[in-house]
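Visitor:
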Amino acid sequence: MSHQQYQSVIEVLHECMEACNHCFSSCLQEDHVKDMSECIRKDRECADICAFFEQSLTRNTPYVKEIAQLCISACRDCGEECAKHDHDHCQACAEACRKCADECEKLVS
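Those letters in the sequence shown? Residues 1445 to 1553, per the working numbering, in order.
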């Protein structure tokens, strides 16, 4: 398969990575940074996995389903953690993660 066939997934992966990176940076600026530690950790993991999957798709990886499954797990975990916090950046990240997980689900079904 050509990576162009994955273009919508690639775009959503990139958006999720950006949202996670923004949330990560913003969490570090919060007054109670220690309370945000799990959110920060999951933001980093999710951003890295989304970036890896995005790159893998552009290389026409033979491991689409396996990496998609990992990405779904990371996005769902990160989205659930971010949804616990009222900050706008966390809520935006939670939404981006849900959208990304839903899009990746289409690759494994």
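In this text, a Cβ means the ideal position worked out from N, Cα and C, and glycines have one as well.
On the criterion of 16 or more Cβ atoms from any shown chain inside 10 Å, does D1479 qualify as buried, or is it exposed?
Guide: Its Cβ having fewer than 16 others within 10 Å, D1479 is exposed.
Visitor: Considering Cα atoms alone, identify which of K1509, D1532, I1511 and C1541 is closest to E1524.
Guide: Selected option, being the one with the closest Cα: C1541.
Visitor: Quick test of the definition: if touching needs 3 or more C-beta pairs under 8 Å, does the region 1502-1517 touch the region 1465-1485?
Guide: No, because fewer than three Cβ pairs between the region 1502-1517 and the region 1465-1485 fall closer than 8 Å, the two stretches do not touch.
Visitor: Please name the residue in E1459, V1552, C1548 and K1550 whose C-alpha comes closest to that of D1487.
Guide: Cα-wise, what sits closest to D1487 is E1459.
Visitor: Can you look up Q1513 in the DSSP assignment and give me helix, strand or coil?
Guide: Residue state, collapsed to three classes: helix.
Visitor: Quick test of your reading: C1515 and F1497, contact by CB under 8 Å. State the CB separation rounded to the nearest angstrom.
Guide: Between F1497 and C1515 the Cβ distance is about 5 Å, and since that is below 8 Å, they are a contact.
Visitor: Please report how far the alpha carbon of T1502 lies from the alpha carbon of V1456, in whole angstroms.
Guide: Between T1502 and V1456, the C-alpha separation is close to 14 Å.
Visitor: So, using beta-carbon positions, are C1526 and C1537 closer together than 9 Å?
Guide: Going by C-beta atoms, C1526 is nearer than 9 Å to C1537.
Visitor: Excluding five sequence neighbours on each side, which residues of the same chain lie with their C-beta closer than 7 Å to the C-beta of L1551?
Guide: So the list reads V1453, V1508, K1509 and A1512, once near-sequence residues are dropped.
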